[in-house]
Amino acid sequence: MIFDSFDIKSLIRPVIDFPKPGVIFRDITPLFQSPRALRLVADSFAHRYVEADFTHIGAMDARGFLIGSILAYQLNKPLILFRKQGKLPADVLTEGYQTEYGEAFLEVHADSLCEGDSVLMFDDLIATGGTLIAAANLVRRMGARLFEAAAIIDLPELGGSQRLEDMGIPTFCLTQFALTER
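With full-length UniProt numbering, the residue at position 51 of the sequence shown is 51, and numbering never jumps.
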């Protein structure tokens, strides 16, 4: 894996003042439009986790589904979908959380996990950690444990990775941005 020869940061587009003034949104769609970059991202995660001891991959709605599904396939692990409220058809568990923009709710099928399961969670980005913390709470409510939370991007100034670490959940991100970095 030759990570240094290909800077994935150059393929993460900064969108100024989206979704509200003062925010720099980190758009990963250009990264997914490059077969080379997508393979580098997927292979980097696969290399890290190929021999790791976990039973399931959890993917956050919606951009976490992109990398989570690829890794579930590559590592031959069951994929658990953590969805925005009202998107899952069967019995669900619900967890409220705060985002940078307000309150939201995350749901998972109530029969997705059981005691003894271990989950590697994926999202595109760790900001305040709200989504991943809500998912962690849902995982724990089902009697399972968290192996690690992984993302392509970390925004460390917003404290999400530290909040997860403080909850005993290790984190791993491929790259990070300062809030003002363009």
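Idealized CB from N, CA, C, for every residue including glycine.
Within 10 angstroms of the beta-carbon of residue 36 lie fewer than 16 other beta-carbons, which makes it exposed. Remark: C-beta atoms of residue 67 and residue 119 do not approach each other more closely than 9 Å. If only uninterrupted beta strand (DSSP E) runs of at least 3 residues are considered, those enclosed by the stretch 70–102 are 79–84 and 92–98. Residue 174 and residue 125 have their alpha carbons spaced roughly 10 Å apart.
Membership of residue 58 in the beta strand (DSSP E) is indicated by the continuous run 56–60. For residue 152, the enclosing beta strand (DSSP E) stretches over residues 145–154. Counting C-beta pairs with one atom in each stretch, the stretch 72–79 and the stretch 133–140 have fewer than three that are closer than 8 Å, which means they do not touch. Residue 153 places its beta carbon less than 9 Å from that of residue 26. Just measuring C-alpha positions, the residue of 176, 9, 170 and 123 sitting nearest residue 31 is 9.
The DSSP-derived three-state label of residue 66 is helix. When DSSP states are grouped into helix, strand and coil, residue 123 belongs to the strand group. In the displayed model, residue 112 falls within coil according to three-state DSSP, outside both helix and strand. If you draw a straight line from the Cα of residue 61 to the Cα of residue 29, it comes to about 15 Å. Looking at 104, 106, 177 and 65, the one whose alpha-carbon comes closest to that of residue 158 is 177.
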